[in-house]
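Q: Pasting a structure here, questions to come.
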């Protein structure tokens, strides 16, 4: 099972007047995590979209916030796939502060595969191994 | 029970290269919804923060996406309070396309009250009526 | 000469840890201003893009910041067209705090017209009157 | 004269429905550039703000767009200081696509130094060498 690690540094724009990172940004970080997961699994998300017309549309997203992230913090996004079928995939995320390993947030996103017309489709077989889908 | 309705128009910046609204933006819209709920309940969120030093920190957020929102769509955010105690409050949201009433997404956010030092605190009594908190 | 006025309320996400609006957001507000200008000139930007395949790509953008905008401020974006030709258009913006009329920022954006393939094109004649283009 | 280079990868959220990066994001990239410049000059911007209460408020910002950046592009932000006094500093930026060195955009930001109360102040002497300010 692949666990990918994305690394990012908190941007000034991501903070709000509380002095901490605004909560919607964690969902952007999850995106960085799953792109990194794809890369680790041998898939370039950009190519899957451009060449095969497969889009990973978000059907559900959830985040639990443990500790606030702050400006200039280095953040690690650990990403795994909880389950994958030919029609949907669920990613789990753990976001940690790099400096001390403190867990900042955990969450998941559930995706359906869409074709270019934004209608539901099946993930092409060539990607099944990467997503560890054994049977359809 | 108060149901507040915020109204917004999808901004160009909120779309992504799929041609639809990027998923983290719905959480920003939820913020507009709960500020509107506060206003309907007689609370100006800005003042609660500036005058009483009470911050509504997000402890958990979740969204289920039903249909994509698109550029220039008018969106309604219906907001209610699911539960409120002196230490936490949970808001429920329903986001609809104004034109035809189609549900775009539903979700919730769970908040804890923080003081200016970002430590957990109780909601001051003067706000209990607005949040329909009867006993502590 | 058309002067359009867009009205917006500062969102929490738009603030940063300085307690004021982060500077890149003013460019998003300019977008709201020029869409409103188009509407006032009888053009729905969404349709120009969807039906005629005309995109208004930004070639240059500038902003001078006078006073900080703050959370929950109501902001007016006054937009005019400085010059328009069949190949480019320049919008001027004045952003004011609604409460007292204080000027928050001024700026401009210069745009070229692109076709769906993102190559430069001329604005179709049907839009010339709206943009007050007399000769090509 | 210091030239700093920041490196970033275009995020999905930064694209819009034109399929290219939305124009306000380049100003966020400039921020990454100037933070990197500070680091190269021996200043941690976070500390300057937290320990000395010095804020770098933006007084003016400008960007010229040459070629569109796209999702997953690696972008280099070359940053130099055009001029610095004890009351203001101007940064110049050149943003390039890492893959082929193509210039995507150029721009500048002009900043004034503010104290914690958001009033104009002078840059403390301890930072003058880093900003190459010889006389006040």
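Residue numbers (the working numbering), protein chains in the order written: chain H, 6 to 141; chain C, 6 to 141; chain F, 6 to 141; chain B, 6 to 141.
For glycine and all other residues, C-beta sits at the position ideal for the given N, C-alpha and C.
In whole angstroms, what separates the C-alpha of residue 47 of chain C from that of residue 135 of chain C?
A: The alpha-carbon atoms of residue 47 of chain C and residue 135 of chain C are separated by roughly 7 Å.
Q: Identify which residue in B/101, B/97 and B/92 has its Cα closest to the Cα of residue 125 of chain B.
A: The candidate whose alpha carbon is nearest that of residue 125 of chain B is B/92.
Q: Please give the ranges of any alpha helix (DSSP H) in the region 65-126 of chain H, keeping only runs that are unbroken, at least 4 residues long and fully inside the region.
A: The qualifying runs do not exist here; there are none.
Q: Is it the case that the Cβ atoms of residue 70 of chain B and residue 22 of chain C are separated by a distance below 8 Å?
A: Taking 8 Å as the Cβ cut-off, residue 70 of chain B and residue 22 of chain C do not qualify as a contacting pair.
Q: Check whether the region 41-60 of chain B and the region 47-63 of chain C touch, using three or more Cβ-Cβ pairs below 8 Å as the test.
A: With the cut-off at 8 Å, the region 41-60 of chain B and the region 47-63 of chain C do not touch.
Q: Just verifying my parser: in three-state terms, what is the DSSP assignment at residue 55 of chain B?
A: It is helical.
Q: Report buried or exposed for residue 78 of chain B, applying the criterion of at least 16 other Cβ atoms within 10 angstroms of its Cβ.
A: By the neighbour-count rule (16 or more Cβ atoms within 10 Å), residue 78 of chain B is buried.
Q: What's the C-alpha gap between residue 44 of chain B and residue 50 of chain B?
A: Using only the alpha carbons, I get a separation of about 7 Å.
Q: Can you list, in chain order, the residues of its chain with a C-beta nearer than 6 Å to that of residue 103 of chain C? Leave out the 5 residues immediately preceding and following it.
A: Cβ within range, chain order: 79 and 81.
Q: Count the other CB atoms, across all protein chains shown, that sit within 10 Å of the CB of residue 1 of chain F; report buried if there are 16 or more and exposed otherwise.
A: Beyond the ends of chain F as shown, which are 6 and 141, falls residue 1 of chain F; an answer cannot be given.
Q: Is any heavy atom of the ligand FAD found at a distance shorter than 7 Å from the C-beta of residue 52 of chain H?
A: Looking at this structure, you won't find the ligand FAD or any other ligand, since it has none at all.
Q: For residue 31 of chain F and chain H, any beta-carbon pair shorter than 8 Å?
A: By this cut-off, residue 31 of chain F is not an interface position.
Q: What's the gap between the Cα of residue 113 of chain H and the Cα of residue 96 of chain H?
A: Roughly 5 Å separates the two Cα atoms.
Q: Taking the Cβ atom as the reference point for each residue, do residue 27 of chain F and residue 18 of chain H lie within a distance shorter than 8 Å?
A: Cβ atoms of residue 27 of chain F and residue 18 of chain H: closer than 8 Å.
Q: For the candidate residues B/40, B/64 and B/138, whose alpha-carbon lies nearest to that of residue 12 of chain B?
A: The shortest Cα separation from residue 12 of chain B among B/40, B/64 and B/138 belongs to B/40.
Q: Does residue 10 of chain F come out as helix, strand or coil in the three-state DSSP assignment?
A: The answer is strand: DSSP assigns residue 10 of chain F an E or B state.
Q: Please confirm whether residue 61 of chain F and residue 116 of chain F have their CB atoms less than 8 Å apart.
A: Their beta carbons are under 8 Å apart, which means residue 61 of chain F touches residue 116 of chain F by this criterion.
Q: Would you call the CB atoms of residue 74 of chain B and residue 33 of chain B closer than 8 Å?
A: It is not a contact, given that the beta carbons lie outside the stated cut-off.
Q: Reducing DSSP to helix, strand and coil, say where residue 37 of chain C ends up.
A: Here residue 37 of chain C sits in helix by DSSP.
Q: Is it right to say residue 6 of chain C is buried, meaning 16 or more other beta carbons lie within 10 angstroms of its own, or is it exposed?
A: Its Cβ having fewer than 16 others within 10 Å, residue 6 of chain C is exposed.
Q: Pull the bridge partners of residue 60 of chain C from the DSSP assignment, please.
A: Residue 60 of chain C pairs with C/119.
Q: What residues in its chain sit with their C-beta under 8 Å from that of residue 83 of chain C, if we drop five residues either side in the sequence?
A: Contacts found: 8, 9, 10, 38, 98, 99, 100 and 101.
Q: For chain C, find out if any of its Cβ atoms is closer than 8 Å to the Cβ of residue 53 of chain H; answer yes or no.
A: So no, residue 53 of chain H is outside the interface.
Q: Spell out whether any CB of chain H is found under 8 Å from the CB atom of residue 12 of chain B.
A: By this cut-off, residue 12 of chain B is not an interface position.
Q: Can you list, in chain order, the residues of its chain with a C-beta nearer than 6 Å to that of residue 65 of chain H? Leave out the 5 residues immediately preceding and following it.
A: So the list reads 115, once near-sequence residues are dropped.
Q: Check the Cβ of residue 18 of chain F against every Cβ in chain H and list those closer than 8 Å, keeping chain order.
A: Per Cβ cutoff of 8 Å: 21, 27 and 29.
Q: Strictly below 8 Å CB to CB, what residues from chain H border residue 155 of chain B?
A: Past the edges of chain B, shown from 6 to 141, lies residue 155 of chain B, and the structure says nothing about it.
Q: Give the interface partners of residue 123 of chain H over in chain C, defined as CB-CB distance under 9 Å, in chain order.
A: Those within 9 Å of residue 123 of chain H in chain C are 23, 24, 25 and 73.
Q: Taking a cut of 7 Å between CB atoms, which residues from the region 73-90 of chain B lie near chain H?
A: For the region 73-90 of chain B, which is checked against every Cβ of chain H, the residues closer than 7 Å are 76 and 77.
Q: What does residue 40 of chain B reach in chain F if we use C-beta pairs closer than 9 Å?
A: Ordered by position in chain F, no residue passes the 9 Å Cβ test against residue 40 of chain B, which lies about 13 Å from the chain.
Q: What would DSSP say about residue 23 of chain F, mapped onto helix, strand or coil?
A: Residue state, collapsed to three classes: coil.
Q: Three-state secondary structure (DSSP) at residue 49 of chain C?
A: If DSSP states are grouped into helix, strand and coil, residue 49 of chain C belongs with coil.
Q: Count the other CB atoms, across all protein chains shown, that sit within 10 Å of the CB of residue 63 of chain B; report buried if there are 16 or more and exposed otherwise.
A: Buried.
Q: Leaving out five residues before and five after residue 141 of chain H in sequence, what residues of the same chain have Cβ atoms less than 7 Å from its Cβ?
A: The pLDDT assigned to residue 141 of chain H is 47, lower than 50, so where the model puts this residue is not dependable, and the model offers no usable value.
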